Structures are given as C-alpha cells and as structure tokens.
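Taking it in order: structure first as structure tokens, then the write-up.
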Amino acid sequence: MVANIGYYALVITFLVSIYGAGAAAYGALKRKPEFVESGRYAMLLTWPLLTVASAAIIWLLATGHYEIGFVASVTSNSMPTYLKVTALWGGQEGSLVFWAWLMAAFTSAASLRKWDRDRELLPWFIMVTMITLAFFISLTVFFENPFARLWLSADGQQVAAMLQPTGAVPLNPPDGRGLNPLLRHPGMIIHPPALYLGFVAYVIPYAFAMAALITRRSDDRWIRITRRWTLVAWIFLSLGLILGGRWAYDVLGWGGYWGWDPVEIAALLPWLAGTAFLHSVMVQEKKGMLKHWNVVLIILTYALVIFGTFLSRSGVLSSVHAFAKSAIGPMFFIFIGVTFLVSLSLLINRWEMLKGENFLNSMFSREALFLLNNFLFMGILAVSFWGVIFPLLSELITGQKITVGPPFYERANGPLGLGLLILMAIAPLSAYASSSWKTIGRALWKPALVSLLVPITLYFGEIRNPIALMGYTVAALVAFVTLYEFWRGANARNRRHGENFPLALWRLVGRNRRRYGGYVIHLGVVLMAFGIIGIEVYQTETQATLSRGEQVTLGSYVMTYDDLSIFDTNDGRNVARAVVSVYKDGKLVDELYPRKDYYFDSQQAVTIPGTRSTLEDDFYVILVGLDPDSRSHATFKVYHNPLVNLIWIGGVVFIIGTVVAVWVNSDRRRWSKASPASAITQA
Amino acid sequence: MRKLQIAMGITLGFILFSQAFAPPAHAQDGGPTDDEVNAIARELYCPVCENIPLDVCPTQACEQWRATIREKLVLGWNDDQIKDYFADQYGPRVLATPPAEGFNALVYILPPVLFIIGAFILYRVVRSWRVEKPIPKTEKVESHDPYIAKLEQELRRRDE
Amino acid sequence: MDSIENSTTDNYKESPGKARPKWGVVLVWVFVMGLLAVLGLGLVRSQRGSISVGDRVPDLILTTFEGKEIDFADLHGQIVVVNFWASWCKPCEQEAVELEQAYQMYKDQGVVFLGVDYVDTETEARAYLVKFGITYPNGPDLGTRISQAFRTIGVPETYIIGPDGRLAAVRIGPYISLDEIANQIETVMAEQK
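Residue numbers (the numbering used here), protein chains in the order written: chain A, 588 to 1270; chain R, 447 to 606; chain X, 122 to 314.
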C-alpha cells in the first residue's frame, strides 16, 4: 500500500517534470507567459511529491518491509533505526530518489526568488532543471525501482518487480541482507548527503548559465544571481570530501584517508573546477574579465558532476565505492552524451556574444595570479582525469586491465599543489590591475624572512626530508602572509576608527566576509597541508604477531598485548576485541581496544582501529588476525601518523571560513566611509 | 628450547589452518618479518578485490598472496623480481602503476606534454590581453573631476 | 540593454566578442567525441557477460603446473571441457571430485579436460589438486589472460568447447552432480553427430 503510494508519487513527479519542461519551453518560444507560469507551478509541485515518495521509502525501511527488494538489500533486523533510515542512500535505488528529492528542493528554492529582472531566464531555467530531474526520476521509475517487490518465479528465481510476473508468488523474507558493514558508521549520516548536496546544487548555476546562453545574454547577471548557490554547492562538496577522508581513516583500517580511488577522484574533479571558478569569478566581478572562461568553468563543473555520477553508478570502472553494475549505465550514457553535446554546441554558438574586457596590466596583478591559480587547478584536474580514464582507454586498446594508483597521482599533483600553496602566499599581497614583482617583493620579504626560521628550526630538529622542509616552509609562509593581512586590515581600522584590536578584527571580517572568510579557508588549508605532509612523509608502521604480554615497538612507542575477548552482540555481530596498552618513552599513556566485527547478515567483517589521538600524532592499532581457540596469539598492525589531526582541525577551520564567506551580508557593497562615491552609491 | 618453539609453531600452524578468520603470520622464527612482506605488498594490489592494496586486504586469498611474497623473500628474491612475478601471474593490474611500455607509456607522457601545451596557450592568451591596453584614463579625465571618473567607474561596475 | 553597456565603457577599448579560434573548436569537439566514444565502448564492454554459446573461442595457451604447454588450437576436433577454479574458492570444492570422475568416464572417448587455476598461489593450488585427486591437466591462468578471454565473472565456471572450436555449453557455478556434467557432455556430443 505504502509502496504503491510511493511508486505512483514517483510516476506523477516524472510526468509533472516533463510537463514543466515542455510548458516552460513552449511558453518562452510562443511568448505565452501563462505557460511559463504553469511550468513554474509544475516545478514547485515536484518537491512535495518527492517528499511523499521519500517518506514512503523511509517508512518501509524503518519498519522492515523485507518483501520490498530494496529494503531487503540494505536493511536487516539487527540494524539500529537511525541506520535503517540512512540506508536510504545506501543503495542505488534509494540514493537516486534522495538525489532527485534534493534537486527538487534546490530548484524550487531557486525558483521562489524574485524574477522581475530576469523574466526571460526563467523558462529556460525551468526547462533545464526539469529535464535533469525527469531523467533521474526515470531511472527509478523504469530501472532501479525502490518499491519493487520480491517474487519467487515459477522456476525458483528471485525476481524484483512492481507488478506480479505471471506464475510468480510474493516472497516475504523474514530478514534483510543488511547494509554493507563499512557503511554502518555515523559518517553514513552526513558524508553521502553532503556530497549529494554539493553535486545537486551545481545544477542551479548550470541552469542559469544555459538560460543566459539560450537567451543570448552577454552580461554576467547570471553569475551574480548564482554566486551564493555556487558557494553553497562548493561548501557542501568540500564538506563531503573532508568527511569522506575522515570516515576512511576511522573505519577502513588502512591508516589512510585518501586512496586515489576512481570514485573519490570522480568527486574531486568537480570540486577542482568549482574552486577554480570560485576564484576566477572574482576577477569577472571586479574587472569584467574572463567571461568566456567562467561560463566554460561552470559548464565544466556540472559536466564533471554528471560524469562522476556516471562513473560511480554505471559499473564502467572498478572501485571500492562503485555501485553494482546495473541497467542504468546505458541510460546515463545517453544523458551525459546529450548534456555534453548540447552544452558544448550552445557555448560555441554563443561564444561571440559574450562580450569581455580582457586586458592585463601586469603579470603580477591579482588577475594574473588568479589566472595562474586556475591554470594549476586545471592542471590537477587534467592529471586526475587522465589517471581515471586511462585504465578504460588502455583496456580498450591493449585488452589488458591495468591500475593507475596513488604513485601516479602523488608524483604529478604534488608539485602542482605546491605551486598553489606558493600562490596562496603571494596573491593576497597583490592588487588588481597594478602590482609588479617589486611591489609584491616589498610586501613579501618580511613574512618570507620570518618563515625561513621554519626550515632552519626543523633542520636542527632532525627533519631533513627536502619535501617536508619545502612544504612546511611554504605552508608557514602562507600562514604568515594571511595572518599579516588580518593584522594589516585590523590595524587600518584601528587607526581610522579608533576601534580596539579585537573589535577592529571583528568589524573587518564582518564588512568583507568574502575576502576574510576566504583567508580563513586558506588558513584551514595550511593546517591541512601541515597534517598531510606530516602523515605522508613521516608515517611509520609495523606488523607483529604477539602472544599475551608480548610487546612491539614503533619509534618512541611501545605497545603490549594484554587481552582478547570474543563475544556476540545483540545487533548481529561477532566481536573480537583486543586490549592493548600503549607506552610512550616508558610511561603508560593509554589503553586501546582495536577490534574486528563480523556481521552475520552480510557475512563481512569490519576492522575498527584503536587510536590514541593527540595534536602531535596518532597511534593507530588494527587487529589484523587472531586465533579464536587459544586466544594466545594475535596479529596487530600499528601505525604512527604524525600531525594527522591537523588535517581534521584544518578541515573544521576550512568549514568555518566557508560559513563566514557565505553568511548573508546585510549591506552588500559597502565602501569605506572615506570615499565620497559611497555617499551616492549607497542605495 | 628451539625444538619446543618449532613444535609449538607446527601445532599452532595446524590449529590456524582450520580457522575462518585469516590466520596470523607465522611466529617469529628468523624468516622475513611481516614488515618486510608488507613493504612489498603495499606496492601491489589485490588481484581480485577492487582497488585494495595487498597489505591491507583482509581476505584469505590475500593472506595466501602475502605468504607467497614471504616464500619468495626466503628464496632471496628482491622487490622487482617479486613484483614481476606477480605481474606475470596475475596480470599488470596488480601493479600500482602500469609499466611504461607500449601504449601504457602514454599515461606518463601525456601529463607533462599537456602541461607544456597549456602553459603555452596561457602565455599566448595573456600576451594578447596585454596588447589591448586601455586608452589611458588621464586623457579623458583631465576635463573631469577625478571623483566623477571614479564614480563612473563604480557605477559601471555596479550595473544594478 | 546592450547599448547602455557600451556607452558607459567609452574609456575602455572593448574586445567585442572574441572570434572563436577554429583550431580550438575542432580540438574540443575531437576531445568530447573521443571521450564519449571511450565511455561508450567501456560501457558496452562492461555490460557484456561471459562469451556465449556459438562464439568462437580465441586461441590460448595453457601452461600446466608440470610445465607442459597446451595450445587450444591443437585441440580442434575434440570436445574440450575447460573448468575455472581456485584453491580459495569454497564452491569449487563441491564439484572437484565429480569433475575428476567425469574425466575418467570420458577420456577414452576423446574428451579433453583442462583445469584453469584462477588467480591462485601454486602451493595451495597443488595441495588442492592432490586433495581431490585430480589427474587431468591443470595450469595457472597466467596474467588472467584465459579468464579475460572467456570473460568469466567468478569461479567456478565451466565452458565446453565443441570440436569446431566454438563454445558449445556453459555452466556458471558448481555442478550439482556427476549426472549434470555427463548430461552436458552427452548433449554436446549428440549435437556434433
């Protein structure tokens, strides 16, 4: 009953969204505003309908209706309720509906703004978004149906379908298979939603850009409209990536946070394009430059979102993250083909209409440095894209499967990343239009000198690795320059308005949230850079099989194997839990409980590390193997991860910076009181 | 004492052989350490699982492969020999990066080539932009109040 | 609207819509079409299942554990039963004994049995063969070339090649009984007459 309601809600949404796209386009072409309005109402109708469908799925999941195929595949009796709900995005069918629901929410929110000045954009915005929504819903209606029931066909096969196949009887399993144990983690609550929010939100700027191209607009109004949306999308994408790293570190049990897995890269690619866009759009707003490039970037970002979704869901690539192979692959391929070809044709056709004022006064002006920033981001994007697509290409040509793994990406992206760090140190000191290497040099030499203390101190502290030295020095330089900018700005306010320092700082950031929010983000990146260099260059590990009471040494740490207990839990797991004591420089500092959880329903085990986290490092212990009968021997893998927690702390600072940058500025373009022009321009 | 250790080791071996969980590494008996095995395993990928490095893969099959690495180390093979052996046995996909021969060399050649081409394009574009310098503002602004010129500039930028 | 913009920008020489560079357009189209082609072909390839009955089996060489090389091309004219297995594969054990028995039954009728050891270690593989008393030729699937040629999905899988070098029968998963193996072989033999 509930399943039927949910399914018909999906079908109706599908029809409504197609109608909306058609009505809006018709209304625009025939100049009949009432059709456009009708299309708009259709668009607004999609979200309530999808909420009904999603609620239906969630209800079915939470109440354990295992006669529904999707429910049986991702939940089981032993799972706690919150996990059953989050299982909505734990499988292909549910995650597609979730994706559609988010898209409907965003497009509806975007359509509720005042359209008076942009009436001609509205119909095309509706058409683009509704076609995209219709596509995703069509996947659930026709192929991956979350409401399909399980039937036992006449020849003993289990079949999932909405309507009863001839000769089949309904199946009512008493229990489900349960969610993949790796997903049974609090990270499941926020990582996928954050990523999806980021992906889906990029539809909005894309739709606006397409609308602007279709209507032959040459101005950059669409960028101003979507500036907030692009920032919001980017924030969620960043959050999703950081959370993914944290989750991997917590649960995958290989002491790492990023494996350069194809699906991880598929999520990184739009982020790279999005970050480049974030920077170059500032140049467009300030100087009117780069109009063509920004349209290209926004289309590219969205194209990469769709491309990444296709890679993860079609089964084309092998990955730990990939959804199982399914029939939606070919449909998705058609969609991505159409999207690419239509966007590209439109862009090329309207290219000459995008009027731009492109000129550069100096190679060291801020515009030039932003161009360089974009170039480096595109470089990382190109390298990563190539690494992801190459195994596919190679298999087609040579017939052999190959792997393009971390060494490739690290070697190629490392120097590019370093280049970006250097830019982060120089760019805040540059000005728009002017700036020569002299002016920058004058501003830079003091922080540079101070940051030279860093490699010197490190060198005498036994840190000799050239990569680490270089990385730490540049990161420190970025920190000094950025903090210097804060100090300089607050100081200026202090002198001009007589505000004390803390107040000056507060007002400074408040008046210019985008710039100083951006600087806070950069500081977050610096912290993450410190953490990344620490763990990548200086991680050590060891593996040992210990008997009770035996110990293993790693660096200045000693770990003793104390005890092992094996027991069943009431949520369907068999847990092997070891107790180990950790000593540092001879003193007992912690007791850890690495364990291995075996889930009966999905017949899979998960290793949960025992970790001692401090600012300085992580001592990370995994229970690799054990001997259940005698319990005398157990094998442990021990990692020492220096500075790794700076990555998470940096991530928090990063997100704080993004919140500052996007916080609604009540007075958008406040000029400082000294400029008389402001008296007239303050509306 | 040594005989007792060997006996314990053999007994342990029999017990371990029948376990459902991946059996632990052999008790220390002077052979290659787990770390040495892992150092090589880390550079290889599990031949059947998707994109999991061999040193962290928990399946029984991976245990066997790590044991193979141990065997080969005992025989005195070095890193490269062991990696080549795995590539022969299971195909090039077990290596972390493809060998730079034949078509696969392209994966290494293309990025630097693209970078240079990209830098060249950037250079040309930037050069063409520097040619279109604005007519110096001073020519027009002399007859205007500098503030009004600035005002015009602000207005143009505002465009709202 | 456009004219308003123009008049306030007298001070700046505008670059009126840059002409699009021809070579740039061509390059981008080539790239996009190329990308779609790669993705499309990759998709087609991933959607294909194992090779099906009637397909011609490619020429392959199996090197047995004893070091002997067996060329599939040499086996034309005979029925060949190719069984994919691995020592770490529990379901494979279910059919191991039956396969050996079938071999004994049909070897005098010119039916060739070959075992292909998929992604396995030699020590464990040999132990498996000894454990189940398998006497027909077995060899490792070097470089996973043979399994890739058959496009196997997992183990155990058995492919029966007819005398014409084309695939005559397939069994995905373990055989349930000796009769099942015998039936399949008999059917193939009957089709040849």
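Where is the CB? At the ideal position from N, CA and C, for every residue including glycine.
Only a predicted model underlies this, so the values are computations on that prediction, with no experimental measurement involved.
- Cβ proximity to chain R below 9 Å picks out Tyr239, Val240, Asp241, Thr242, Glu243, Thr244 and Glu245 from the segment 223-257 of chain X.
- Per the C-alpha coordinates, the member of Ile1195/A, Val1041/A, Gly1136/A and Thr926/A positioned closest to valine 153/X is Thr926/A.
- At a cut-off of 8 Å between C-beta atoms, asparagine 524/R does not count as an interface residue with respect to chain A.
- Taking the CA atoms as reference points, glycine 188/X sits about 14 Å from alanine 246/X.
- Looking at the DSSP output, methionine 310/X sits in no beta bridge, so it has no partner there.
- The three-state secondary structure of asparagine 1052/A, taken from DSSP, is coil.
- Spatial neighbours of glycine 1136/A in its own chain (CB-CB distance under 8 Å, excluding positions within 5 residues in sequence) are listed in chain order as Thr1147, Tyr1148 and Asp1149.
- What valine 903/A touches in chain X, judged by beta-carbon distance under 8 Å, is Leu160, Gly163, Leu164 and Ser167, going in chain order.
- Lysine 1183/A places its beta carbon less than 8 Å from that of leucine 1210/A.
- Annotation: the continuous alpha helix (DSSP H) that includes alanine 860/A extends over 849-874.
- Chain A places no beta carbon closer than 8 Å to that of tyrosine 536/R, leaving this residue out of the contacts.
- With a minimum length of 4 residues, the unbroken runs of alpha helix (DSSP H) contained wholly in the segment 911-989 of chain A fall at 915-937 and 953-985.
- When Arg272/X, Val202/X and Cys210/X are compared, the shortest CA-CA separation from glycine 170/X is found for Arg272/X.
- By the Cβ-count criterion, phenylalanine 1088/A is exposed, with fewer than 16 other Cβ atoms from all chains shown falling within 10 Å of its own Cβ.
- In the DSSP assignment, threonine 1222/A falls within the beta strand (DSSP E) that extends over 1220-1229.
- Below the 7 Å Cβ cutoff, chain R contributes Gln506, Ala507 and Gln510 as neighbours of tryptophan 209/X, in chain order.
- At least one C-beta of chain A is nearer than 8 Å to the C-beta of arginine 539/R.
- Interface residue (Cβ-Cβ distance to chain A less than 8 Å): tyrosine 569/R is not classified as such.
- The Cβ atoms of glycine 832/A and tyrosine 1226/A lie no closer than 8 Å to each other.
- Of all residues in the segment 476-507 of chain R, only Pro493, Val494, Thr505, Gln506 and Ala507 come within less than 9 Å of chain X when Cβ atoms are compared, listed by chain position.
- Taking C-alpha positions only, valine 201/X is separated from tyrosine 280/X by approximately 8 Å.
- Between leucine 288/X and glycine 175/X, the gap from beta carbon to beta carbon is short of 8 Å.
- In the DSSP assignment, phenylalanine 1206/A falls within the beta strand (DSSP E) that extends over 1204-1213.
- Close to chain R, meaning a Cβ-Cβ distance shorter than 7 Å, are the following residues of the segment 261-277 of chain X: Pro261, Leu263, Gly264 and Thr265.
- In the three-state scheme derived from DSSP, where H, G and I count as helix and E and B as strand, glutamate 190/X is classed as strand.
- The shortest CA-to-CA distance from lysine 671/A to any of Phe1067/A, Gly656/A, Thr1156/A and Gly651/A is the one to Gly651/A.
- One finds nothing in chain R with a Cβ atom closer than 8 Å to the Cβ of tryptophan 711/A; even the nearest lies about 22 Å away.
- Counting the other Cβ atoms within 10 Å of the Cβ of proline 538/R gives 16 or more, which makes it buried.
- Put simply, the CB of threonine 662/A is far from chain R, with every gap to its CB atoms at 8 Å or more.
- For glutamate 1178/A, DSSP records a beta bridge to Ser1168/A.
- Between alanine 853/A and leucine 898/A, the CB-CB gap stays under 8 Å.
- Around the Cβ of histidine 1084/A, a 10 Å sphere holds fewer than 16 other Cβ atoms; the residue is exposed.
- Check the Cα spacing between glycine 754/A and each of Ala748/A, Leu739/A and Val603/A: the tightest is with Leu739/A.
- Legend: CB atoms of the segment 1119-1140 of chain A lying less than 7 Å from CB atoms of chain R belong to residues Thr1129, Gln1130, Ala1131 and Thr1132.
- Ranked by Cα distance from alanine 735/A, the options Gly593/A, Lys617/A, Arg618/A and Leu826/A are led by Gly593/A.
- Not a single CB atom of chain R sits nearer than 8 Å to the CB of glycine 677/A.
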